[in-house]
Amino acid sequence: MGPIERRWQRGPSRREALASLAGLVAGSPLLAAQRDPRSLTDHRRIPGFAEMTSVFDFEPIFHANVPQTVYDYTAHGADSEANIRRNRDAFGWVDVVPRTPIDASAVDLRTTVLGLSLDYPLFVAPTALQVALHPDGEVGMHQAATTTKTPFIISNNSSQPAEKIATSSSGPAWFQFYPRRSLDESRAIIERVQGAGCQAIVVTVDQQATFYERTQHLRNLGGRPRTTAAAPGAGAARNPYRVSEGRLWYEWNYLDRIRPFIKGPMLVKGILTAEDARLCLEHGAQGIVVSNHGGRSLDYGPSTLEVLPEIVEAVGGRVPVLVDSGFRRGSDVMKALALGANAVCLGRATRWGLGAFGPPGVQRVIEMIQAELVAAMAAAGRRSLADLDRTAVRVRFS
Amino acid sequence: MARQTRRELLTRVAPRDELVNVPEFEAEAERALAADVFRQIAGGDRAAFERITFRPRMMVNCLGLDLSVDLVGQKLFAPILVGPIADQRRFHPEGELATVRGAGAGKAAMVISSRSSQPLAAIAAAATTPLLYQTFAADGAAKLRSQAQDAERAGCTAVVLTTESPDTSAGRRRTATVDWSLVDTLRSAATLPVIVKGVTTAGDATTAVSHGAQGVIVSNYGRTAASGQAPLEVVGRIAEAVGAQVPVLLDGGIRRGSDVMKALALGARAVLVARPAMWGLAAYGADGVQTVIELLQTELARVMGCCGTPTLGAITDRFVHVHGPVPASTSDQER
């Protein structure tokens, strides 16, 4: 359990925050004597755009730029956030096997995924409400994605209409879709976004009954009453256990029913077992996204990296396998590719870029990961995706 | 801000509605109790739970989610019972009377200790959910006989025989050789089913059942277990040995709905929650007990919804993965 979790658990934040603030102000030299200059250890400076050296550098700037609730919406995970931590820990359980290095210029990461010719096996993952991060919102994110030749997946919960986003840039756009109980409604949405130019539909099937403790804490701080709307998909009738039933109706045959409405490929996002991967294929999926929703679905679920090998094996190359949740570095991407993923989707990393510096930030984040990926491949002596197989990594999952 | 107000801020418990999970109740109980009293119900061993992740299945219809379970002839609303803790007036002026009201409001069955600080009749009068009565093997056959009769008279639905002897100093237990004939003693004294608490091996479980026990509770009394010996790590073996004949319950370390799910997946029929109920009692009385129970029920329902198990019967060990020791990370990983 990390320090943040411990702090939340010892909560409530308001009480301790007030108490410690009182102590801070009471003891502060600022109150006592109005002295200057500040001590050397007080010195802080927000780094500039040119000083960003890794994706992680963008996060504190994003944090400084946006209100606490906006920051927490990006940061939070389900319940105690153990799953978010596990996603990151998992990369520490996969080592790259050394081989004679090659020159970076010899590395070629081009690939084709479901008709898209890509320079790098990277997508911008669908994430919601991007205009809260920067006024350009999803349009800005898509434009930056296009600049880096990265396909953009539009979230079903975008802050701008899908038509506006899809037409704002020439790069490819897909649409992420949450199942609707009404087939008519499902059809209407799918046909509308396809008409706007979205070339594939990604159906998200997780987060069936999720709760964000961090969001509830924020509501408590704001003095708002407790509500189950601290969770996605909430608002429908509640059962005797106080859980919203809004997303408990999902069934595999729903995919059969919407398949005829979808002109291009249909992908299924949120798969974490080999058995479910096989069911995706049985029900007409042309692609699978191994995902735990960035640790925002089931708290003690597995990391995506841990389950990637069994899903790749179950799929057996019949359809592309994408993966997301926790990717921050080119080496993270390389590990997933070595374990058999066809491409990696970037969620929070792109949000940090957008929230920190707007569309140029997104561009920089993606370019960093692209460059790190090339460097990681070159250092490991792997010149292409065909060359990057299981022998490139040593796995220590337990 | 005035010193006195600041002290008040630090020692007054938070509004109950602000707490979002059960572990948060522990800090509130610490504020509400004297240090030496709090120490007796502090902590818990969760290490085994942290080593298990789920294997969630998508697209399984979970409408009409049902957490109900049968236990010794009673249908329970959910597989979460309030576990026995002696002398609850240490934690709240009304002691067990508040606990049983909270348990009833939360629709949870409750195990009453024979060392309760309120009379059994009064507790039974306030109960609206099944009560089980916990006796101690160390009290001897004669006492057990009369306790079993008391329990039956009070309307309890089962007698729980605790095989280890209690000790008033926190966390210290004497291990005595189990006198299994006491199971027969209890069975002959009353018509109530007898559940044996404190079983930690398949052998003990089998012996208990051979003496007529109609349930076993895997428990090591809140102590920290040696590696591989925590209740969660042995419940599977015990369920294999006797689970087809009698329900196997798990006691120890339950703090989250996901913990309950893991216990069920590994073979438990239901779980006991003792210390967290006392945290709720100490900080908020009956309402606190109710909230602790309801949080666990809701979290369990959420986990079931996310895993694709609409009923308890659907939960098997296919839905969990028990991990080995955490591998050392060789790379410098930022978070």
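Each protein sequence line maps, in turn, to chains H and F. So for the first sequence, our numbering puts the first residue at 1; every next one is plus one. So for the second sequence, our numbering puts the first residue at 399; every next one is plus one. Think of the CB as a built atom: it goes at the ideal place given N, C-alpha and C, for glycine as much as any other residue.
* Just how far apart, CA to CA, sit F/S466 and F/G722? -> Position 68 of the second sequence, counting from 1, holds the residue named residue 466 of chain F. Position 324 of the second sequence, counting from 1, holds the residue named residue 722 of chain F. Between F/S466 and F/G722, the C-alpha separation is close to 32 angstroms.
* Tell me whether H/W352 sits in a helix, a strand or coil according to DSSP, three-state version. => Stepping through the first sequence from its first residue, residue 352 of chain H is reached at position 352. Of the three classes helix, strand and coil, the one that applies to H/W352 here is helix, per DSSP.
* From H/K149 to H/N292, what distance separates their C-alpha atoms? -> Indexing the first sequence from 1 puts residue 149 of chain H at position 149. Indexing the first sequence from 1 puts residue 292 of chain H at position 292. Here the C-alpha atom of H/K149 lies approximately 26 angstroms from the C-alpha atom of H/N292.
* Asked: Is there at least one Cβ from chain F nearer than 7 angstroms to H/N220's Cβ?
  -> Within the first sequence, numbered from 1, the residue matching residue 220 of chain H stands at position 220. With 7 angstroms as the cut-off, H/N220 counts as an interface residue toward chain F.
* F/A642 (DSSP reduced to helix, strand or coil) -> Sequence index remark: in the second sequence, residue 642 of chain F carries index 244 (1-based). Looking at F/A642 - three-state DSSP - the assignment turns out to be coil, as it is neither helix nor strand.
* **Length of the line joining the Cα atoms of F/Q354 and F/I593** => Missing from the structure shown is residue 354 of chain F; chain F here goes from 399 to 733 and no further.
* Asked: Per DSSP, F/V480 forms a beta bridge with which residues?
  -> Translated into the one-based positions of the second sequence, residue 480 of chain F becomes position 82. DSSP lists F/M508, F/V671 as the bridge partner or partners of F/V480.
* Taking H/A343 as part of the beta strand (DSSP E), name the residues at either end of that continuous run. => Position 343 of the first sequence, counted from the first residue, corresponds to residue 343 of chain H. Its beta strand (DSSP E) spans residues 343-346.
* To do: Closer than 9 angstroms by beta-carbon distance: list the chain F residues that pair up with H/T53, in chain order.
  => Taking the first residue of the first sequence as position 1, residue 53 of chain H is located at position 53. Under the 9 angstroms cutoff, chain F gives no residues; its nearest Cβ is about 12 angstroms from H/T53.
* Cut-off 8 angstroms between Cβ atoms - residues of its own chain near F/S567, not counting five sequence neighbours on either side -> Position 169 of the second sequence, counted from the first residue, corresponds to residue 567 of chain F. Note that F/S567 scores 43 on pLDDT, short of 50, meaning its location in the model is unreliable; the coordinates nonetheless yield the value given after this. The beta carbon of F/S567 sits closer than 8 angstroms to none of the beta carbons in its chain outside the five residues before and after it.
* Asked: What residue from H/K164, H/T111, H/R85, H/D89 has the CA that sits closest to H/Q143's CA?
  -> Taking the first residue of the first sequence as position 1, residue 143 of chain H is located at position 143. When only C-alpha atoms are compared, the closest one is H/K164.
* To do: Can you give me the Cβ contacts of F/E424 inside the same chain, cut-off strictly under 6 angstroms, excluding the 5 residues immediately before and after it?
  => Looking up residue 424 of chain F in the second sequence gives position 26. Answer for F/E424: W677, listed in chain order.
* To do: Check distances from the C-beta atoms of the region 684-695 of chain F to those of chain H and list, in chain order, the residues that come in under 9 angstroms.
  => Interface annotation for the region 684-695 of chain F against chain H: E692, Q695, criterion Cβ-Cβ distance under 9 angstroms.
* Out of F/K541, F/G626, F/D649, F/T689, state which residue places its alpha-carbon closest to the alpha-carbon of F/V720. => Against the second sequence, residue 720 of chain F aligns to sequence position 322. Checking every option, the nearest Cα to that of F/V720 belongs to F/G626.
* Reducing DSSP to helix, strand and coil, say where F/T451 ends up. => For the purposes of this step, residue 451 of chain F is taken as residue 53 along the second sequence, with counting starting at 1. In this structure, F/T451 counts as strand in the three-state DSSP scheme.
* Work out the CA separation of H/T74 and H/G361 for me, nearest whole Å. => Start at 1 with the first residue of the first sequence, and residue 361 of chain H comes out as number 361. Start at 1 with the first residue of the first sequence, and residue 74 of chain H comes out as number 74. Rounded to the nearest whole angstrom, the CA to CA distance from H/G361 to H/T74 is 16 angstroms.
* Look up H/S303 in the DSSP assignment and say whether it is helix, strand or coil. => On the first sequence, position 303 is the one that residue 303 of chain H refers to. Three-state DSSP puts H/S303 in coil, outside helix and strand.
* DSSP three-state call for H/H217: helix, strand or coil? -> Here residue 217 of chain H corresponds to residue number 217 of the first sequence, with the count starting at 1. H/H217: helix per DSSP, three-state reduction.
* To do: Return yes when the Cβ of F/R487 is within less than 7 angstroms of the Cβ of F/S515, no when it is not.
  => Position 117 of the second sequence, counting from 1, holds the residue named residue 515 of chain F. Position 89 of the second sequence, counting from 1, holds the residue named residue 487 of chain F. One thing to note: F/S515 has its Cβ within 7 angstroms of the Cβ of F/R487.
* Asked: Does F/Q731 get closer than 7 angstroms to chain H when you measure Cβ to Cβ?
  -> Residue 731 of chain F sits at position 333 when you count from the first residue of the second sequence. Only weak support exists for where F/Q731 lies, its pLDDT of 48 falling under 50; the value from the coordinates is given anyway. Chain H places a beta carbon closer than 7 angstroms to that of F/Q731, counting this residue as a contact.
* To do: Check whether the region 42-62 of chain H touches the region 260-277 of chain H, taking contact to mean three or more Cβ pairs, one atom from each stretch, closer than 8 angstroms.
  => No, the region 42-62 of chain H is not in contact with the region 260-277 of chain H.
* F/T566 in three-state terms, based on DSSP -> Counted from its first residue, the second sequence places residue 566 of chain F at position 168. Summary for F/T566: the model assigns pLDDT 41, below 50, so the residue's position carries little reliability; its value from the coordinates is reported in the next sentence. In the structure shown, the three-state DSSP call for F/T566 is coil.
* Asked: Mapping DSSP to helix, strand and coil, what is F/H719?
  -> Here residue 719 of chain F refers to the residue found at position 321 when the second sequence is read from its first residue. Here F/H719 sits in strand by DSSP.
* Is the CB-CB distance between H/V312 and H/V321 below 7 angstroms? -> As a first step, residue 312 of chain H is located in the first sequence; it is residue number 312 there, counting from the start. As a first step, residue 321 of chain H is located in the first sequence; it is residue number 321 there, counting from the start. Against a cut-off of 7 angstroms, the Cβ pair of H/V321 and H/V312 comes out as a contact.
* CA-CA distance, F/R499 and F/A519? -> For the purposes of this step, residue 499 of chain F is identified with residue 101 of the second sequence, where counting begins at 1. For the purposes of this step, residue 519 of chain F is identified with residue 121 of the second sequence, where counting begins at 1. Distance between the alpha carbons of F/R499 and F/A519: 14 angstroms.
* Taking any Cβ of chain H, which residues in the region 449-471 of chain F have a Cβ under 8 angstroms from it, in chain order? -> Residues I450, T451, F452, R453, P454, R455, M456, M457, V458, N459, C460, L461, G462, L463, L465.
* Under 8 angstroms Cβ-Cβ, which residues of chain F neighbour H/V243? -> The sequence position of residue 243 of chain H within the first sequence is 243, counting from 1. Ordered by position in chain F, the residues that pass the 8 angstroms Cβ test against H/V243 are L463, T696, A699, R700, G703.
* For F/I428, decide whether its Cβ has a neighbour in chain H, counting only Cβ atoms nearer than 7 angstroms. => Residue mapping note: residue 428 of chain F aligns to position 30 of the second sequence, counting from 1. The displayed chain sequence assigns Glu, not Ile, to residue 428 of chain F. So no, F/E428 is outside the interface.
* **Nearest-angstrom Cα separation, counted from F/A600 out to F/R653** => Position 255 of the second sequence, counting from 1, holds the residue named residue 653 of chain F. Position 202 of the second sequence, counting from 1, holds the residue named residue 600 of chain F. Approximately 25 angstroms between the Cα atoms of the pair.
* Neighbour flag for H/L337 against chain F, beta carbons, 7 angstroms -> Counted from its first residue, the first sequence places residue 337 of chain H at position 337. Between H/L337 and chain F, the shortest Cβ-Cβ separation is not below 7 angstroms.
* Please check the pair F/I615 and F/L584, which I expect to be a contact at CB under 8 angstroms, by giving their CB distance rounded to whole angstroms. => As a working note, residue 615 of chain F is residue 217 in the second sequence. As a working note, residue 584 of chain F is residue 186 in the second sequence. No, F/I615 and F/L584 are not in contact; Cβ-Cβ is about 15 angstroms, not under 8 angstroms.
* What residues from chain F crowd round H/D256, counting only those whose CB sits closer than 8 angstroms? -> The sequence position of residue 256 of chain H within the first sequence is 256, counting from 1. None at all; the shortest Cβ gap to chain F is about 11 angstroms.
* **Nonlocal neighbours in the same chain, by C-beta distance under 6 angstroms from F/R635, ignoring five residues either side** => Locating residue 635 of chain F in the second sequence gives position 237, counting from the first residue. Excluding positions up to five away in sequence, the list reads A600.
* To do: Could you tell me whether the Cβ of H/N239 comes closer than 7 angstroms to any Cβ of chain F?
  => Here residue 239 of chain H refers to the residue found at position 239 of the first sequence. With 7 angstroms as the cut-off, H/N239 counts as an interface residue toward chain F.
* Asked: Looking at F/L662 and F/I713, is the spacing between their C-beta atoms short of 7 angstroms?
  -> Residue 713 of chain F sits at position 315 when you count from the first residue of the second sequence. Residue 662 of chain F sits at position 264 when you count from the first residue of the second sequence. In this structure, F/L662 lies closer than 7 angstroms to F/I713 by Cβ.
* **Beta-carbon proximity check, H/L109 vs H/G287, cutoff 7 angstroms** => Residue numbering aside, residue 109 of chain H sits at position 109 when the first sequence is read from its first letter. Residue numbering aside, residue 287 of chain H sits at position 287 when the first sequence is read from its first letter. No, they are not a contact pair.
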